[in-house]
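In this note's numbering, the protein residues as written are 8 to 342.
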């Protein structure tokens, strides 16, 4: 089976190279990859979903000189490295180009349209958008599931060499995902109810993911673990059964949120305001500082957003507000 897949891949690549000679193949492409919410309250490192925006954009251009060059980065305030092997978008694309023995070169522009350290999968969006765009330019010789390991190579740079697939998988596949295992890599898509809206508020503070991991407890009570497992199971069942009340009851984190929320000013008040406005539940997106809430209609999602923003305004913390349905598509080519 593996030999057949390799042969099929080579046929698709040869077709692209032939089209280059006749002028039919794409030599430039632009693409977008969305932000993502992970942990989703009770699902630490295993649950995630994509949203419509914000996200990252990339432009790839074919060149005759082999290798990868990052020509331009915008939106990062000079904080991201231009060296491909030190950049999440660059590293994921390099790994894919090397895997395919790509004989040409690529020039890349990366346009960051989301804040670093926001808890919305900024590094994952960069890692995903470059490999997605490259694959699309070649005529999609690889499936999205086959692209996942290469995107994870980029994500490793931002996670100290220990990749977490929740952001990357949610961004790449779209919709709601479960990471059953990292080794071996096993990601499962979960059907999402149609009327599920996400409100995200991003306070204008930055939290380092590595720091938020350091403060977590190394051991937890069995009773807390059992409660957390029940909430994860309930959340997945609620999504599958389109049971919004069950989803709301299950959006409870008794292990991670009580610790990480200390780093987010006004968190408890923001959460209470969202739920009072009618949201099903509210928690930290990723490692924070962004906070998400889920609702069953757009009006409630908007009201929850206003209430959440009002709390932060009272304590003089600026914020960005995003309201989106669950994004079923993931990355897309920009025309």
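No residue lacks a Cβ here, since even glycine has one placed at the ideal position from N, Cα and C.
If you drop the 5 nearest sequence neighbours on each side, which residues of the same chain put their C-beta closer than 6 Å to that of residue 68?
-> Here residue 68 corresponds to residue number 61 of the chain shown, with the count starting at 1. Around residue 68: 35 and 114.
Which of helix, strand or coil DSSP assigns to residue 116 = Residue mapping note: residue 116 aligns to position 109 of the chain shown, counting from 1. Reduced to three states, the DSSP call for residue 116 is strand.
Just grab the DSSP bridge partners of residue 139 for me.
-> The residue you call residue 139 lines up with position 132 of the chain shown. DSSP output for residue 139 lists no bridge partner at all.
Please report how far the alpha carbon of residue 26 lies from the alpha carbon of residue 145, in whole angstroms.
-> Looking up residue 26 in the chain shown gives position 19. Looking up residue 145 in the chain shown gives position 138. About 10 Å.
With DSSP collapsed to three states, give me the class of residue 337.
-> The count along the chain shown starts at 1 and reaches residue 337 at position 330. If DSSP states are grouped into helix, strand and coil, residue 337 belongs with coil.
Using alpha carbons as the reference points, say which of 80, 341 and 289 lies closest to residue 46.
-> For the purposes of this step, residue 46 is taken as residue 39 along the chain shown, with counting starting at 1. In terms of Cα proximity to residue 46, the closest of 80, 341 and 289 is 289.
What are the boundary residues of the beta strand (DSSP E) that includes residue 210?
-> Residue 210 sits at position 203 when you count from the first residue of the chain shown. Taken as a continuous stretch (DSSP letters only), the beta strand (DSSP E) holding residue 210 covers 204 to 210.
C-alpha distance - residue 85 paired with residue 93, whole-angstrom precision = Residue mapping note: residue 85 aligns to position 78 of the chain shown, counting from 1. Residue mapping note: residue 93 aligns to position 86 of the chain shown, counting from 1. Residue 85 and residue 93: Cα-Cα distance of roughly 14 Å.
7 Å Cβ shell around residue 53 - same chain, five flanking residues per side excluded | Your numbering for residue 53 matches position 46 in the chain shown. So the qualifying residues of the chain are 173, 185 and 186.
Could you spell out the range, first to last residue, of the beta strand (DSSP E) harbouring residue 41?
-> Position 34 of the chain shown, counted from the start, is the residue given in the question as residue 41. It spans 35 to 45 - the beta strand (DSSP E) in which residue 41 sits, taken as one unbroken run.
Any idea what DSSP makes of residue 298, helix, strand or coil?
-> By 1-based counting over the chain shown, the position of residue 298 is 291. Here residue 298 carries a strand assignment [DSSP, helix/strand/coil].
What is the DSSP secondary structure of residue 13, reduced to helix, strand or coil?
-> The count along the chain shown starts at 1 and reaches residue 13 at position 6. Helix at residue 13.
Three-way DSSP call (helix, strand, coil) for residue 292 in this model = The count along the chain shown starts at 1 and reaches residue 292 at position 285. Coil at residue 292, not helix or strand.
Measuring alpha carbon to alpha carbon, tell me which of 89, 74, 330 and 254 ends up nearest residue 306.
-> On the chain shown, residue 306 is found 299 positions in, with the first residue counted as 1. Checked all of 89, 74, 330 and 254; the closest Cα to residue 306 is 330.
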